[in-house]
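J.: Those protein sequence lines, which keep their order, are chains C and B.
The opening position of the first sequence corresponds to residue 317 in the numbering used here, with each subsequent residue numbered one higher.
The opening position of the second sequence corresponds to residue 317 in the numbering used here, with each subsequent residue numbered one higher.
From the three backbone atoms N, C-alpha and C, an ideal C-beta is built for every residue, glycine too.
Here the structure is a predicted model, which means the values were calculated and not measured.
Starting off with a structure, shown below.
Protein chains: 2
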Amino acid sequence: MSRQNVPDETIRRMPMYLRALLVCPAERKIVSSGELAEHLGLNAPQVRKDLSYFGAFGTPGVGYEVGALVERIRTIMGIQQAPRVALVGAGKLGRALVFFEGFKMYGFEIAAVFDKSQRKIGRKVGKLTVEPVSAIGCLGQRDIRMAILAVPADASQKAAEALAEAGVTGILNMTFCRLRLPAQVKVATIDAAMELGILPYYMNNPG
Amino acid sequence: MSRQNVPDETIRRMPMYLRALLVCPAERKIVSSGELAEHLGLNAPQVRKDLSYFGAFGTPGVGYEVGALVERIRTIMGIQQAPRVALVGAGKLGRALVFFEGFKMYGFEIAAVFDKSQRKIGRKVGKLTVEPVSAIGCLGQRDIRMAILAVPADASQKAAEALAEAGVTGILNMTFCRLRLPAQVKVATIDAAMELGILPYYMNNPG
DNA sequence: ACCTGTGAAGAGTTTCACAGCC
DNA sequence: GGCTGTGAAACTCTTCACAGGT
Numbered sequence: 317m318s319r320q321n322v323p324d325e326t327i328r329r330m331p332m333y334l335r336a337l338l339v340c341p342a343e344r345k346i347v348s349s350g351e352l353a354e355h356l357g358l359n360a361p362q363v364r365k366d367l368s369y370f371g372a373f374g375t376p377g378v379g380y381e382v383g384a385l386v387e388r389i390r391t392i393m394g395i396q397q398a399p400r401v402a403l404v405g406a407g408k409l410g411r412a413l414v415f416f417e418g419f420k421m422y423g424f425e426i427a428a429v430f431d432k433s434q435r436k437i438g439r440k441v442g443k444l445t446v447e448p449v450s451a452i453g454c455l456g457q458r459d460i461r462m463a464i465l466a467v468p469a470d471a472s473q474k475a476a477e478a479l480a481e482a483g484v485t486g487i488l489n490m491t492f493c494r495l496r497l498p499a500q501v502k503v504a505t506i507d508a509a510m511e512l513g514i515l516p517y518y519m520n521n522p523g
Numbered sequence: 317m318s319r320q321n322v323p324d325e326t327i328r329r330m331p332m333y334l335r336a337l338l339v340c341p342a343e344r345k346i347v348s349s350g351e352l353a354e355h356l357g358l359n360a361p362q363v364r365k366d367l368s369y370f371g372a373f374g375t376p377g378v379g380y381e382v383g384a385l386v387e388r389i390r391t392i393m394g395i396q397q398a399p400r401v402a403l404v405g406a407g408k409l410g411r412a413l414v415f416f417e418g419f420k421m422y423g424f425e426i427a428a429v430f431d432k433s434q435r436k437i438g439r440k441v442g443k444l445t446v447e448p449v450s451a452i453g454c455l456g457q458r459d460i461r462m463a464i465l466a467v468p469a470d471a472s473q474k475a476a477e478a479l480a481e482a483g484v485t486g487i488l489n490m491t492f493c494r495l496r497l498p499a500q501v502k503v504a505t506i507d508a509a510m511e512l513g514i515l516p517y518y519m520n521n522p523g
């Protein structure tokens, strides 16, 4: 099954499956597509179809083995070996993200924190020490290929370019700016205000 | 044009259009679909199609009037009169969100902060004073119909139910738990770790 | 009896091409 | 010349039905 024709939406759901499996009680060895679907608010054929894009790793009449499926999904998603992530921006949001438990669950490790402000450089955030943004250039040597961008809007493009130049090819953009970067750099953007902005429409026009 | 057949994806993009228009320099009175598209990384027919679902408010040969379009979108989205939003959870993430500038841009006002912990109740967060979660019940009388949920995972379902009972019908869920709520309550979920989890796939399988 | 894997149908979304207007 | 609004085509994604395995 070629990776080329896996729907993007399927890729988006893979981390959801992973999370659902990780919160399974340890004594549960087998899970069915229906149970996964129920837990995530999807339907069973959707789950089976999604997983089948990457091969057949369930047992008909039985279900999917939890441990094996976790490993398969980790491999598919390319997060077997705990990717190290840089955080740029040690403001309120950045510091909150360092302590966010969710990243660990998928095996991500926040391995460096950068900030522009002299006031923040040298300060501790959890176990990490805030480094100057000028040190971003060395990320390649430190085996860090991903970053979370949590800087003020007007600093985002510049910081993103520094990351791209340092060899970072995956950026989680928490600013509400579109980043213009070389095509090989993948960007995911989170804009809490935009998500909030969608709700009133559906509150006023119940579907 | 009935609201019933406007694509969800179009609704998702409306706040993007709004933001793009709001960051326009004030001297710019007219904007074309091509310019909007370029600014947002979309294409021009997409922009025209999206806007046309709600009527024809551009001028052929000219473009869209910025001010008028902003008002139209605000009306369509139901955010003309600055919705008041409650924040539940005054932890690191919650406190960071209070200071997040993005909400203001769309006209949202964070009007109350709640927390369970005695240690936090009474403390100031910006101009707001943290209230006990038991006070959530009065939200209806305070004209607050939306909430942001930024509590620990194990407290999310309970807090969400309290919100729903208080008449909140739109929740931005920042926890990685699925909320089981009456159908009239609309939920948008943001899971930063999940977004981060998607990136390595595309880094390893460039599209 | 129960569950997976999958081709095919159906629904939803994007892109295109162009008629019509400024 | 330049831009909007829109039906139709193309594409993507979801749902369904069921063959086949345990």
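On the DSSP bridge list, what partners appear for F430(B)?
T.: DSSP, once it has assigned bridges, lists V404(B), E447(B) as partnering F430(B).
J.: Tell me whether N489(C) is buried or exposed, calling it buried when 16 or more other Cβ atoms sit within 10 Å of its Cβ.
T.: Looking at its Cβ environment, which holds 16 or more other Cβ atoms inside 10 Å, N489(C) is buried.
J.: Hey, would you say F415(B) sits closer than 7 Å to K436(C), going by beta carbons?
T.: Going by C-beta atoms, F415(B) is not nearer than 7 Å to K436(C).
J.: Below 8 Å on the Cβ atoms is my guess for V539(C) versus L465(C); work out the distance and round it to an integer in Å.
T.: Because chain C is modelled from 317 through 523, residue 539(C) falls outside the range shown and cannot be assessed.
J.: Strictly under 7 Å for the Cβ-Cβ distance: is A384(B) near chain C by that measure?
T.: A384(B) does not count as touching chain C.
J.: Taking only beta-carbon positions, decide if G456(B) is within less than 7 Å of chain C.
T.: Answer no: the Cβ-Cβ gap between G456(B) and chain C never drops below 7 Å.
J.: Ignore the nearest five residues each way along the sequence and tell me which others in V347(C)'s own chain have a CB closer than 6 Å to its CB.
T.: Excluding sequence neighbours, V347(C) sits near G379, Y380, V382.
J.: Whose Cβ in chain B lies nearer than 7 Å to the Cβ of G357(C)?
T.: Those within 7 Å of G357(C) in chain B are R494.
J.: Assuming contact is defined by CB atoms lying nearer than 7 Å, are F430(C) and I452(C) in contact in what I supplied?
T.: Contact: yes.
J.: Alpha carbons only, please: which of L515(C), L479(C), Y422(C), T391(C) is nearest the one belonging to F492(B)?
T.: Among L515(C), L479(C), Y422(C), T391(C), the Cα nearest to that of F492(B) belongs to Y422(C).
J.: Using the DSSP secondary-structure output, state which residues sit across from A463(C) in a beta bridge.
T.: In DSSP, A463(C) forms a bridge with A402(C), I487(C).
J.: Given 8 Å as the limit, is there contact between the segment 325 to 335 of chain B and the segment 509 to 520 of chain B, that is, 3 or more CB pairs closer than that?
T.: No, the segment 325 to 335 of chain B is not in contact with the segment 509 to 520 of chain B.
J.: So, is the C-beta of M317(C) closer than 7 Å to a C-beta in chain B?
T.: Because the pLDDT at M317(C) is just 43, under 50, the model does not fix this residue reliably, and the value given afterwards should be weighed accordingly. Output row for M317(C): interface = no.
J.: Spatial neighbours of V449(C) within its chain, please: C-beta separation below 8 Å, excluding the five flanking residues on both sides.
T.: Closer than 8 Å at the Cβ level, and outside the excluded window around V449(C), lie V404, F430, D431, K432, A475, A478.
J.: Grouping DSSP H, G and I as helix and E and B as strand, with all else coil, what is Y517(B)?
T.: Helix.
J.: Excluding the 5 residues flanking F370(B) on each side, which residues of the same chain have their C-beta closer than 8 Å to its C-beta?
T.: So the list reads M317, V322, R388, I392, once near-sequence residues are dropped.
J.: Are the C-beta atoms of P331(B) and some chain C residue less than 7 Å apart?
T.: By this cut-off, P331(B) is an interface position.
J.: At what residues does the beta strand (DSSP E) containing A504(B) begin and finish?
T.: Start and end: 502 to 505.
J.: What residue ranges within the segment 335 to 364 of chain C form continuous alpha helix (DSSP H) runs of no fewer than 4 residues, ordered along the chain?
T.: The qualifying runs are 349 to 356.
J.: Evaluate T485(B) with the Cβ neighbour count: other Cβ atoms within 10 Å of its Cβ, from every protein chain shown; 16 or more gives buried, anything less gives exposed.
T.: When all chains shown are included, T485(B) counts as buried.
J.: So what does G379(B) bridge to, in DSSP terms?
T.: Paired residue(s): T375(B).
J.: Could you name the residues that DSSP lists as bridge partners for K440(B)?
T.: In the DSSP output, where bridge partners are listed per residue, K440(B) has T445(B).
J.: Which residues does DSSP list as the beta-bridge partners of E425(C)?
T.: Note: E425(C) sits in a beta bridge opposite R400(C).
J.: I think L495(B) touches S472(B), with their Cβ atoms under 8 Å apart; what is that distance to the nearest whole Å?
T.: Their Cβ separation, rounded to whole angstroms, is 7 Å, which keeps L495(B) and S472(B) in contact under 8 Å.
J.: Between A402(C) and the rest of its own chain, which residues show a CB-CB distance below 8 Å, the 5 nearest in sequence each way excluded?
T.: Hits under 8 Å: I426, A427, A428, V429, F430, I452, L455, I460, M462, A463, I464, L479, V484.
J.: I'd like the span of the alpha helix (DSSP H) that includes E481(B), first residue to last.
T.: Start and end: 472 to 481.
J.: Taking the CB atoms as reference points, tell me whether V386(B) and L352(B) lie closer together than 7 Å.
T.: No, they are not a contact pair.
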